[in-house]
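In this text, residue positions in the sequence shown follow the working numbering: the first is 2, and each later residue adds one.
So the structure is just underneath, and the comments pick up after that.
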Amino acid sequence: MRRPHPRPVLAVFERRWRQQRSRPPRCPSRWTVGPPDFVGVGTHKSGTSWWYRLIRTHPDVVSRGHPKELRYLSRPSDEFTTADAAAYASWFPRPDGKLAGEWTPEYADDLSSIRNLAAAAPNAKLLLLVRDPIDRYRSDLTMLGQHRGADAKAARRGRYATQVADLCTFFPRTALLLLQYERCIASLDAELARTYRFLQLDDEFTPRFPTQRRNVTRRPKVPLPNDRVRELTSFFEPEVLGLAEMMPELDLALWPSMRHLA
């Protein structure tokens with residue numbers, strides 16, 4: 002007898018995601034398919050669903066029914082073939098002059114996924130949305146719950162410098178836009194216009210209800226003892242310093258847990 006899902010609402014979404022990922026969308030007449038123009042690659046629990054929705058609402062961006070997170074590239078790179086790359090492109094039909102893309106936060110933390118992305122969409126523009134690493138860790142751990150290895154996974158996903166270094170091994174630095182969750186909240190219009198410009202879209206477009214964030218954690222966040230906070234601070238500090246060195250636009254003053262590094 003099948004056990005009931007511990008989170009019924011999540012189960013509904015999982016079934017919907019599996020159905021949406023079961024086959025590529027139909028390509029209308031006079032549209033073409035090709036590699037995505039942009040791919041959001043990270044990070045979990047940093048407002049990526051909200052930001053992807055704002056990108057998708059732009060009149061020059063199309064989404065033909067595929068979910069935000071395709072997760073198509075999340076497989077060993079030695080098993081990823083040219084046929085797989087062509088099949089990935091089939092998920093992105095669009096008319097001339099329009100853009101299409103996806104946002105799978107797990108890509109940035111998986112070297113095989115990055116290699117696959119470089120093989121399948123070498124000219125894609127990449128977006129990396131980051132958040133105060135301890136706040137992000139806590140929110141991620143709350144979402145992961147009691148799953149095996151949840152603590153290690155939540156910590157690993159905050160290795161921002163490692164992720165950027167891996168991305169820049171396969172893509173030019175100019176192909177990557179770094180966004181800070183806290184800055185997107187504080188200066189939404191400016192950061193959204195910056196995102197549109199990076200994607201070569203009209204940056205004067207203003208979506209309706211831009212402040213409505215999605216997938217906000219509703220459950221009480223897991224408590225973090227002071228000793229664990231100190232451990233995490235020491236773990237994340239080198240990554241944050243490395244990210245600041247590679248990305249001078251990073252504002253450490255926006256991250257309460259890392260302001261001492263500013």
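For glycine and all other residues, C-beta sits at the position ideal for the given N, C-alpha and C.
Pro68: which of Arg57, Ser78 and Asp61 sits nearest, CA to CA? Locating residue 68 in the sequence shown gives position 67, counting from the first residue. That would be Arg57, whose Cα lies nearest to the Cα of Pro68.
In whole angstroms, give me the CA-to-CA distance for Pro94 and Asp204. The count along the sequence shown starts at 1 and reaches residue 94 at position 93. The count along the sequence shown starts at 1 and reaches residue 204 at position 203. Approximately 23 Å between the Cα atoms of the pair.
Rank Arg231, Pro173, Arg195 and Leu168 by C-alpha distance to the C-alpha of Glu250 and give the top, closest one. Translated into positions along the sequence shown, residue 250 becomes position 249. Per the Cα distances, Arg195.
Do Thr44 and Arg137 have their C-beta atoms within less than 8 Å of each other? Taking the sequence shown and counting its residues from 1, one reaches residue 44 at position 43. Taking the sequence shown and counting its residues from 1, one reaches residue 137 at position 136. Yes, Cβ-Cβ distance for Thr44 and Arg137 is below 8 Å.
In the DSSP assignment, find the unbroken beta strand (DSSP E) run with Leu177 in it and report its ends. For this step, residue 177 is matched to residue 176 along the sequence shown. Leu177 -> beta strand (DSSP E) spans Leu177 to Gln181.
Please state whether the Cβ-Cβ distance between Glu183 and Trp256 is less than 8 Å. Residue mapping note: residue 183 aligns to position 182 of the sequence shown, counting from 1. Residue mapping note: residue 256 aligns to position 255 of the sequence shown, counting from 1. Against a cut-off of 8 Å, the Cβ pair of Trp256 and Glu183 comes out as a contact.
May I have a chain-ordered list of the alpha helix (DSSP H) segments no shorter than 4 residues that lie completely inside the stretch 192-251? 227-247
I'd like to check one pair, Thr143 with Val223: are the Cβ atoms closer than 8 Å? By 1-based counting over the sequence shown, the position of residue 223 is 222. By 1-based counting over the sequence shown, the position of residue 143 is 142. Their beta carbons are under 8 Å apart, which means Val223 touches Thr143 by this criterion.
Candidates Lys46, Arg149 and Pro25: closest to Ser140 by CA position: Within the sequence shown, the letter at position 139 stands for residue 140. The shortest Cα separation from Ser140 among Lys46, Arg149 and Pro25 belongs to Lys46.
How many whole angstroms separate the CB atoms of Gly41 and Leu128, which I take to be in contact at a CB cut-off of 8 Å? Along the sequence shown, one-based indexing puts residue 41 at 40. Along the sequence shown, one-based indexing puts residue 128 at 127. Indeed, because the Cβ distance is near 4 Å, the residues count as touching under 8 Å.
Under 8 Å between C-beta atoms of Ser114 and Glu107: Translated into positions along the sequence shown, residue 114 becomes position 113. Translated into positions along the sequence shown, residue 107 becomes position 106. Yes, Cβ-Cβ distance for Ser114 and Glu107 is below 8 Å.
Measure the CB-CB distance between Asp61 and Ala101 and report whether it falls below 8 Å. Numbered from its first residue, the sequence shown carries residue 61 at position 60. Numbered from its first residue, the sequence shown carries residue 101 at position 100. For Asp61 and Ala101, no; Cβs fall outside 8 Å.
Along the chain, where does the alpha helix (DSSP H) that runs through Phe171 open and close? In the sequence shown, counting from the first residue as 1, residue 171 sits at position 170. Tyr161 to Phe171 is the extent of the alpha helix (DSSP H) around Phe171.
Just to confirm before moving on: does the CB-CB distance between Phe199 and Lys99 stay below 8 Å? Sequence index remark: in the sequence shown, residue 199 carries index 198 (1-based). Sequence index remark: in the sequence shown, residue 99 carries index 98 (1-based). It is not a contact, given that the beta carbons lie outside the stated cut-off.
If we call anything under 8 Å between Cβ atoms a contact, is Asn117 one with Ser78? Residue numbering aside, residue 117 sits at position 116 when the sequence shown is read from its first letter. Residue numbering aside, residue 78 sits at position 77 when the sequence shown is read from its first letter. Yes, these two residues count as a Cβ contact at 8 Å.
Pull up the distance between the alpha-carbon of Leu244 and that of Arg132, whole angstroms please. Numbered from its first residue, the sequence shown carries residue 244 at position 243. Numbered from its first residue, the sequence shown carries residue 132 at position 131. Answer to the nearest angstrom: the Cα atoms are 12 Å apart.
Mapping DSSP to helix, strand and coil, what is Thr143? What you label residue 143 is simply residue 142 of the sequence shown in a count that begins at 1. Three-state result, Thr143: helix.
Of the listed residues Phe81, Cys185, Ala155 and Pro173, nearest to Leu233 (C-alpha basis): One-based indexing of the sequence shown puts residue 233 at position 232. For Leu233, the nearest C-alpha among the options comes from Ala155.
For Leu262, which residues of its own chain have a beta-carbon under 8 Å away from its beta-carbon, when the five flanking residues on both sides are left out? Counting from 1 along the sequence shown, the entry for residue 262 is found at position 261. Same-chain partners within the cutoff: Glu238, Val241, Leu242, Ala245 and Leu253.
Is Glu70 helix, strand or coil when you go by DSSP? As a first step, residue 70 must be located in the sequence shown, where it is residue number 69. Note: Glu70 maps to coil in three-state DSSP.
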